[in-house]
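Scroll down for the structure; my scribbles are underneath it.
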Amino acid sequence: MAVISFDRVGVTYADAERPTLDDISFELPEGDLCLVIGATGTGKSTLLGAINGLVPHFTGGTLTGRVLVDGRDTAQNRPRDLADVVGYVGQDPLRGFVTDTVEDEIAYGMEQLGIAPTAMRKRVEETLDLMGIADLRRRPLTELSGGQQQRVAIAAVLAAQPRILVLDEPTSALDPTAAQDVLAAIGTLVHDVGLTVVLAEHRLERVMQAADSVLWLRGDGSALHGPPGAVLAQSTITPPLAALAREVGWAEVPLSVRLARRRAQAQGLRPAAVSPATVPTEPVALSARGVEVRYGDLVAVNGVDLELAEGTVTSLLGRNGAGKSSLLWALQGALSCSGAIEVRGQDPRRLGAAEARRLVTLVPQTAVDLLYLPSVGAECAQADAESDAEPGTAAALLAELGVDLPPERDPRDLSEGQRLALVLAIQLAARPPVLLLDEPTRGLDYRAKAELRRIVTDLAARGEAVLISTHDVEFAAATSTRTVLMADGEVIADGTTTEVLTSSPAYAPQMAKVFAPVEVLTPDDVARGLS
Amino acid sequence: MHPWAWWCWAIGIGIAVSGTTNPLLLALIATAMVVVVMLRRSEAPWARSVRAYLILALFVIGMRLFFRILLGGSTGETVLFTLPQIPLPEWAAGITLGGPVTAEAITGTLYEAFRLAVMLLCVGAANALANPRQALRSVPAALYEASVAVVIALSVAPQLIESIARVRRARRLRGDSTATLRALGTIAMPVLADAIDRSLALAAGMEARGFGRTRGLPTAGTLPVMLISSAAATLGVFLLLGSPFWQTGAWLLVLGMIGGGLGLRAAGARLRVTTYRPLPWRFTETLIAASGVLAAVLVLGVGWLDPDTMSPALVVLLDPLALSPSTDPLQWPTLTLPMLLVVALVLAPLPLTRPRRAATVESTRNDTRVRLLRAQAEPEPTWR
Chain A
2 MAVISFDRVG VTYADAERPT LDDISFELPE GDLCLVIGAT GTGKSTLLGA
52 INGLVPHFTG GTLTGRVLVD GRDTAQNRPR DLADVVGYVG QDPLRGFVTD
102 TVEDEIAYGM EQLGIAPTAM RKRVEETLDL MGIADLRRRP LTELSGGQQQ
152 RVAIAAVLAA QPRILVLDEP TSALDPTAAQ DVLAAIGTLV HDVGLTVVLA
202 EHRLERVMQA ADSVLWLRGD GSALHGPPGA VLAQSTITPP LAALAREVGW
252 AEVPLSVRLA RRRAQAQGLR PAAVSPATVP TEPVALSARG VEVRYGDLVA
302 VNGVDLELAE GTVTSLLGRN GAGKSSLLWA LQGALSCSGA IEVRGQDPRR
352 LGAAEARRLV TLVPQTAVDL LYLPSVGAEC AQADAESDAE PGTAAALLAE
402 LGVDLPPERD PRDLSEGQRL ALVLAIQLAA RPPVLLLDEP TRGLDYRAKA
452 ELRRIVTDLA ARGEAVLIST HDVEFAAATS TRTVLMADGE VIADGTTTEV
502 LTSSPAYAPQ MAKVFAPVEV LTPDDVARGL S
Chain B
24 MHPWAWWCWA IGIGIAVSGT TNPLLLALIA TAMVVVVMLR RSEAPWARSV
74 RAYLILALFV IGMRLFFRIL LGGSTGETVL FTLPQIPLPE WAAGITLGGP
124 VTAEAITGTL YEAFRLAVML LCVGAANALA NPRQALRSVP AALYEASVAV
174 VIALSVAPQL IESIARVRRA RRLRGDSTAT LRALGTIAMP VLADAIDRSL
224 ALAAGMEARG FGRTRGLPTA GTLPVMLISS AAATLGVFLL LGSPFWQTGA
274 WLLVLGMIGG GLGLRAAGAR LRVTTYRPLP WRFTETLIAA SGVLAAVLVL
324 GVGWLDPDTM SPALVVLLDP LALSPSTDPL QWPTLTLPML LVVALVLAPL
374 PLTRPRRAAT VESTRNDTRV RLLRAQAEPE PTWR
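Taken in sequence, the protein lines are chains A and B. Using my numbering, the first residue of the first sequence is number 2, and each one after it goes up by one. Using my numbering, the first residue of the second sequence is number 24, and each one after it goes up by one.
Structure, rendered in structure tokens:
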């Protein structure tokens, strides 16, 4: 019995040239975990919204065909009427929170459904235990970490006891450990509670092994629904295991490291280890000694020594809250800290903001905060003025980065990848020798990440020292030559990426796990090692 | 403790205070009020508001006194000092600046100002003792939507502040550290865009979780009942306070309040939202609310008595005139038995409630504080 069925569904938004979803038909049986994949802008969120009626009731647009959820037609039922059947968690859980403490948030949905207070009390306790957040019950929501917020958001919709759970990118903003927590919780819901889960995700590495089926949105409005191995083999979305399958010619993508490892061993695949790269340490572009950042009595960065050499790409890994962002902001000089920082013989903290960005430039986590003008052209011109650069410098940089944006486009309408490229061009207009990137891969699909990798590699080849703070181990493995690992405000490992990543169980990329103990990091390494 | 019990207690005492100008009684009530607040408030941010109310109360007293002295026109015989009188033009007739300042006028003003200050303190005490969120949660169902709006505003405000801090910091990365009005505009743009995004996400979240689903059609006739009742109550208050027809006024007020209550009930019946962990209204709550009401009844009742028609023994015991001691001629205020009772009623919550446990806040080492990137020693820019 299908609990969700799409029958020739199409969605067209007002003033869109073509439908976002076109003639999509599939059925999901009860208790399945379906993974929705696709590049940015292919309509993943639209598809998820169509399940609980947010599309078109809330977002507008025209829906053709029929969506049946637990036998109810979403055309006749508003999202609020489906709240007892479908639990929906949006991309940023913090923004969807209505109340301000964990317990109240979990009760909110039930209050709206008019559930009796005694039953509500019992369900809140059960839900707290099910998601393992009982110790957080009285905490304010804004004080929780990202992984905790995500689990509270899931708990909040679960309390209404829906049959279907819809999750839009639940792990994209989380560090590997927190993401694992959330995915484990989702696994429990599918296996023990028997919930039907529909989940959209950009980073498939960890999720795909739990999927019963995959729905791939091709980008032209059509979709392919089928068993994960087969769909992934066809799709243009290439998580490392899919790339590996393509390299070695497997018809079906192994869904987990374990499967891949067994298959590789059965076939006797044994790539040669990558030649140990030596990371240049000279000439030094940035040198920091004993950097310490405090927020009140909290020491966020505790005496970090770091030297970045020209022409190198370094990744900075660590848990949420390990002090990565604070370190980047401190190195830029925008955050007061103790210790010594030197770039080209000058301390960015002692200079004004305009001079500091000529030494070190930072692209923050929410890159869009830097943009405030109505068009790409205006932003570029403003960047030239801010950097005292020749008019056209930023626009030329944007072209150099290989991103072609019409000057009259509104920056707010760009995709995440294009917006990041624009911010990069603006920040690089000052020609700084050091570039710091804070979580640049957030919200980027595999193609955009490959593009960013190319840009960063090009910049390093021009002599730029690049430091990237990221949760994306696969991106770090493919992009950087040196890796710094932070925990609790301190640097706990610093070495070549191969060395640091292959020796850490939490941060090892999938290829390293498949071919351990051979030290390979990416499917490219494997291909090179096999030939 | 139910927040409305605290409010009822505080408002009752406020009404009692409005019926007296006796500085001894006022001082005792104020002290008792502050003692209750200090011993029974929680660690929450709003619990610290009583300090602000104290400052406001002192400010009120200071202002009244200042204008009394400045504007002159004092009556009474005991001249304390004389300010030079400034002659005013013809059109300002009736107003004098400066002139003799008498002890009688000063005392009268002080009594009046003190009464107002203690009434303010009552509101402050209720603010400090009652949890505003819980108070909003237990409004009548008919006012549910309004309370939701207030609760959301309370949650969104800190997010907006965070958003402003983040954007301002990001602006520095573009080399723009000036704090001009133009810069303010450039910050407003991303912050507003962010606020709109947030609101949409919140609205989507509320919709997806069933907000507005348990609504029926409003009961017919609710609107006229509410309109007529509130008009009657307003007229009643007017007649009660400002005219000799206070009996008619009281009846209208009572009828209006009953009608309003019924109307709210009818309007709330269409809403079937339930409340998680509703605060119980126990006997203790009734006692605390009653102590406030009783204090009001006591003071107003004694003040209403006419000493001329009472037996001399009762007059000595109750002494209605002591509630508003004469200031012309000056007279030393006295305390009577009913006043001590009122003070006891103000202190009544102390034996009825237990002190709140200090809230233990677990250490929060996570990315939230780092995400805010609140630098310690960063100078605040000044807008010019």
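Every residue gets a Cβ at the ideal spot worked out from N, C-alpha and C, and that includes glycine. This one's a predicted model, so the numbers in the text were calculated from it and none came from an experiment.
{"Check": "DSSP puts A/Pro141 in a beta bridge; with which residues?", "Outcome": "A/Thr102"}
{"Check": "In chain B, what lies closer than 8 Å to A/Arg454 by C-beta?", "Outcome": "Near A/Arg454 there are no residues of chain B at all, since even the closest Cβ is about 23 Å away, more than 8 Å."}
{"Check": "Classify A/Leu168 as helix, strand or coil using the three-state DSSP reduction.", "Outcome": "strand"}
{"Check": "Between A/Glu104 and A/Val90, is the Cβ-Cβ spacing less than 8 Å?", "Outcome": "no"}
{"Check": "Out of A/Ala135, A/Glu170, A/Arg443 and A/Val86, state which residue places its alpha-carbon closest to the alpha-carbon of B/Ala231.", "Outcome": "A/Val86"}
{"Check": "Are the CB atoms of B/Arg221 and A/Arg443 within a distance shorter than 8 Å?", "Outcome": "no"}
{"Check": "Under 8 Å, do B/Thr376 and B/Met24 count as touching if we go by C-beta distance?", "Outcome": "yes"}
{"Check": "Which value, in whole angstroms, describes the spacing of the CA atoms of A/Ala479 and A/Arg454?", "Outcome": "8 Å"}
{"Check": "Using alpha carbons as the reference points, say which of A/Leu371, A/Leu36, A/Val519 and A/Arg79 lies closest to B/Ala216.", "Outcome": "A/Leu371"}
{"Check": "Identify the residues that DSSP records as bridge partners of A/Asp439: which are they?", "Outcome": "A/Ser470"}
{"Check": "Considering Cα atoms alone, identify which of A/Ile165, A/Ala331 and A/Arg448 is closest to A/Gly50.", "Outcome": "A/Ile165"}
{"Check": "Could you tell me which chain B residues have their CB closer than 7 Å to the CB of A/Glu387, listed as they occur along the chain?", "Outcome": "Arg197, Gly198 and Asp199"}
{"Check": "Three-state secondary structure (DSSP) at A/Asn303?", "Outcome": "strand"}
{"Check": "Between which two residues does the alpha helix (DSSP H) containing A/Arg358 stretch?", "Outcome": "Ala354 to Leu360"}
{"Check": "So what does DSSP say about A/Phe27, is it helix, strand or coil?", "Outcome": "strand"}
{"Check": "Please report the residue range of the beta strand (DSSP E) in which A/Trp217 lies.", "Outcome": "Ser214 to Leu218"}
{"Check": "Once you ignore the five residues that flank B/Leu47 on each side, which residues in its own chain have a CB closer than 8 Å to its CB?", "Outcome": "Pro356, Thr357, Leu358 and Met362"}
{"Check": "By how many angstroms is the C-alpha of B/Gln270 removed from the C-alpha of B/Met333?", "Outcome": "22 Å"}
{"Check": "Could you check whether the Cβ of B/Ala381 sits closer than 8 Å to any Cβ belonging to chain A?", "Outcome": "Residue placement at B/Ala381 is poorly supported in this model, since its pLDDT is 49, which falls under 50; the coordinates are not used for a value here."}
{"Check": "So, is the C-beta of B/Trp27 closer than 8 Å to a C-beta in chain A?", "Outcome": "no"}
{"Check": "Mind checking which residues open and close the beta strand (DSSP E) that includes B/Pro470?", "Outcome": "Residue coverage of chain B in this structure runs from 24 to 407, which leaves residue 470 of chain B outside it and unanswerable."}
{"Check": "A/Asp130: buried (16+ other C-beta within 10 angstroms of its C-beta) or exposed?", "Outcome": "exposed"}
{"Check": "Can you check which of these residues, A/Lys325, A/Ala231 and A/Asp24, is closest to A/Ser223 by C-alpha distance?", "Outcome": "A/Asp24"}
{"Check": "On the CB-based measure, 16 or more other CB atoms within 10 Å of its CB, does A/Phe547 come out buried or exposed?", "Outcome": "Outside the shown range of chain A, which is 2 to 532, sits residue 547 of chain A, and nothing can be said about it."}
{"Check": "Where DSSP assigns a beta bridge to A/His226, which residues make up the other side?", "Outcome": "A/Leu216"}
{"Check": "Where DSSP assigns a beta bridge to A/Leu35, which residues make up the other side?", "Outcome": "First, the residue type needs correcting, since residue 35 of chain A is Cys and not Leu in the sequence shown. Bridge partners of A/Cys35: A/Val199 and A/Ser214."}
{"Check": "Would you mind stating whether A/Ala368 and A/Leu421 have Cβ atoms separated by less than 8 Å?", "Outcome": "yes"}
{"Check": "Any contact of the region 333-341 of chain A with the region 161-178 of chain B, i.e. 3+ C-beta pairs under 8 Å?", "Outcome": "no"}
{"Check": "Would you say the region 305-316 of chain A touches the region 278-295 of chain A, given that touching needs at least three Cβ pairs under 8 Å?", "Outcome": "yes"}
{"Check": "In the region 54-79 of chain B, which residues sit with their C-beta less than 7 Å from some C-beta in chain A, listed in chain order?", "Outcome": "none"}
{"Check": "Just to confirm before moving on: does the CB-CB distance between B/Leu152 and B/Val366 stay below 8 Å?", "Outcome": "no"}
{"Check": "Evaluate the contact criterion for the region 101-117 of chain A versus the region 180-199 of chain A: three or more CB pairs, one atom per stretch, below 8 Å.", "Outcome": "no"}
{"Check": "Closer than 7 Å by beta-carbon distance: list the chain A residues that pair up with B/Ala158, in chain order.", "Outcome": "The premise fails here: B/Ala158 is roughly 14 Å from chain A at the closest Cβ pair, so nothing lies under 7 Å."}
{"Check": "Would the region 131-145 of chain A count as touching the region 36-56 of chain A if we require 3 or more Cβ pairs under 8 Å?", "Outcome": "no"}
{"Check": "Name the two residues that bound the continuous alpha helix (DSSP H) containing A/Asp389.", "Outcome": "Careful: A/Asp389 lies outside any alpha helix (DSSP H) and carries neither H nor E."}
{"Check": "Looking at A/Cys381 and A/Ala426, is the spacing between their C-beta atoms short of 8 Å?", "Outcome": "yes"}
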